[in-house]
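Under numbering that gives the first Met the number 0, the residues of the sequence shown are numbered 0 to 165, in order.
First the structure, in the form of structure tokens, and then the observations on it.
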Amino acid sequence: MGNQPSVPVPGTELQVIGAGLPRTGTASFSEALRIILKGPVYHGGTQATLAPPHEIKSWIKLLSHWPPKDASEEKLVNTLLAARLEGYAAVTDMPAAGLVKEMLELYPDAKVICTVRDPDAWVKSMDTVANAATLWFLGVVLLPLPGMRHFPSYINVLRKQWGASL
């Protein structure tokens, strides 16, 4: 986590769902959870940008079917979510923070903790990130990078999840 993605540990059960938005201390919170829970933590931002390409591609597929339009899509979303979080003690950051309802259905005993930040400082911080993430030429620049070449598609499904333009 942080400078490198976490690796799942088979048999580890999800105990904590971090419901805080990005830029609310989710990386620090993830590190604290890793120490306290003695297990790997799935920090969405780190995993999406630094993990193998299948990570970001699985989120793109999941969020392409969210919110589910029918029972079969709901089953697909839950199956993909469970597969993505298998072996982690906790999950933080987006896109998981926007799927708390779905995660509680899968992990009813998990605790939900929401990190917060001053709203004005949060908006300013997110503007900086969103502006960088939506540059028109980003897809071309990231094309040579195996995992990151999918980042523009990932940003598009996150926009859909947030229900707004980033």
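Even for Gly, the Cβ is constructed at its ideal location relative to N, Cα and C.
Fair warning: this is a prediction, and the values are worked out from it, not measured in the lab.
**Prompt:** For Thr78, which of helix, strand or coil comes out of DSSP?
**Reply:** The count along the sequence shown starts at 1 and reaches residue 78 at position 79. It is helical.
**Message:** Can you tell me whether Thr48 is helix, strand or coil according to DSSP?
**Reply:** The sequence position of residue 48 within the sequence shown is 49, counting from 1. Reduced to three states, the DSSP call for Thr48 is helix.
**When Pro145, Ser124, Pro151, Val128 are compared against Leu137, the one with the closest alpha-carbon** = Within the sequence shown, the letter at position 138 stands for residue 137. That would be Pro151, whose Cα lies nearest to the Cα of Leu137.
**Asked** Contact check, Leu84 vs Leu13 under 8 Å by CB: the rounded distance?
**Response** As a working note, residue 84 is residue 85 in the sequence shown. As a working note, residue 13 is residue 14 in the sequence shown. With 8 Å as the limit, Leu84 and Leu13 qualify as a contact, their Cβ atoms being about 6 Å apart.
**Request:** Could you please give the first and the last residue of the uninterrupted beta strand (DSSP E) stretch that includes Lys110?
**Result:** If you number the sequence shown from 1, residue 110 lands on position 111. Its beta strand (DSSP E) spans residues 110-112.
**Item:** CB contact flag (Met125, Arg22, <8 Å)
**Value:** One-based indexing of the sequence shown puts residue 125 at position 126. One-based indexing of the sequence shown puts residue 22 at position 23. Yes. Within cutoff.
**Prompt:** What's the call for Gln46, buried or exposed, on a 16-neighbour Cβ count within 10 Å?
**Reply:** On the sequence shown, position 47 is the one that residue 46 refers to. Result: buried.
**Prompt:** Are there 16 or more other CB atoms within 10 angstroms of the CB of Asp92, so buried, or fewer, so exposed?
**Reply:** Taking the sequence shown and counting its residues from 1, the one referred to as residue 92 is at position 93. Under this definition Asp92 is a buried residue.
**Asked** In whole angstroms, what is the alpha-carbon distance linking Pro107 and Leu98?
**Response** For the purposes of this step, residue 107 is identified with residue 108 of the sequence shown, where counting begins at 1. For the purposes of this step, residue 98 is identified with residue 99 of the sequence shown, where counting begins at 1. Between Pro107 and Leu98, the C-alpha separation is close to 13 Å.
**Asked** Which first and last residues belong to the alpha helix (DSSP H) in which Val40 is found?
**Response** For this step, residue 40 is matched to residue 41 along the sequence shown. Unbroken run through Val40 is the beta strand (DSSP E), 40-42; no alpha helix (DSSP H).
**Request:** Give me the Cβ distance between Gly10 and Thr114, rounded to the nearest whole Å; I'm assuming they're in contact under 8 Å.
**Result:** For the purposes of this step, residue 10 is taken as the residue at position 11 of the sequence shown. For the purposes of this step, residue 114 is taken as the residue at position 115 of the sequence shown. With 8 Å as the limit, Gly10 and Thr114 do not qualify as a contact, their Cβ atoms being about 27 Å apart.
**Prompt:** With 16 as the cutoff for other CB atoms within 10 Å, does Thr127 come out buried or exposed?
**Reply:** In the sequence shown, residue 127 corresponds to position 128, counting from 1. Label assigned to Thr127: exposed.
**Residue of Tyr87, Leu134, Leu105 minimising C-alpha distance to Pro7** = Along the sequence shown, read from residue 1 onward, the residue named residue 7 stands at position 8. For Pro7, the nearest C-alpha among the options comes from Tyr87.
**Request:** List the endpoints of the continuous alpha helix (DSSP H) containing Thr23.
**Result:** Translated into positions along the sequence shown, residue 23 becomes position 24. It is not in any alpha helix (DSSP H) - Thr23 carries neither H nor E in the DSSP assignment.
**Item:** Given Leu49 as reference, the closest of Ile35, Leu141, Gln160 once Cα atoms are compared
**Value:** By 1-based counting over the sequence shown, the position of residue 49 is 50. For the residues Ile35, Leu141, Gln160, the minimum Cα distance to Leu49 belongs to Leu141.
**Asked** Given that a residue counts as buried once 16 or more other Cβ atoms are within 10 Å of its Cβ, and exposed if not, what is Ser164?
**Response** Taking the first residue of the sequence shown as 1, we reach residue 164 at position 165. The predicted position of Ser164 is uncertain, since its pLDDT is 41 and thus under 50; a value taken from the coordinates is nonetheless stated next. Exposed, because fewer than 16 other Cβ atoms sit within 10 Å of the Cβ of Ser164.
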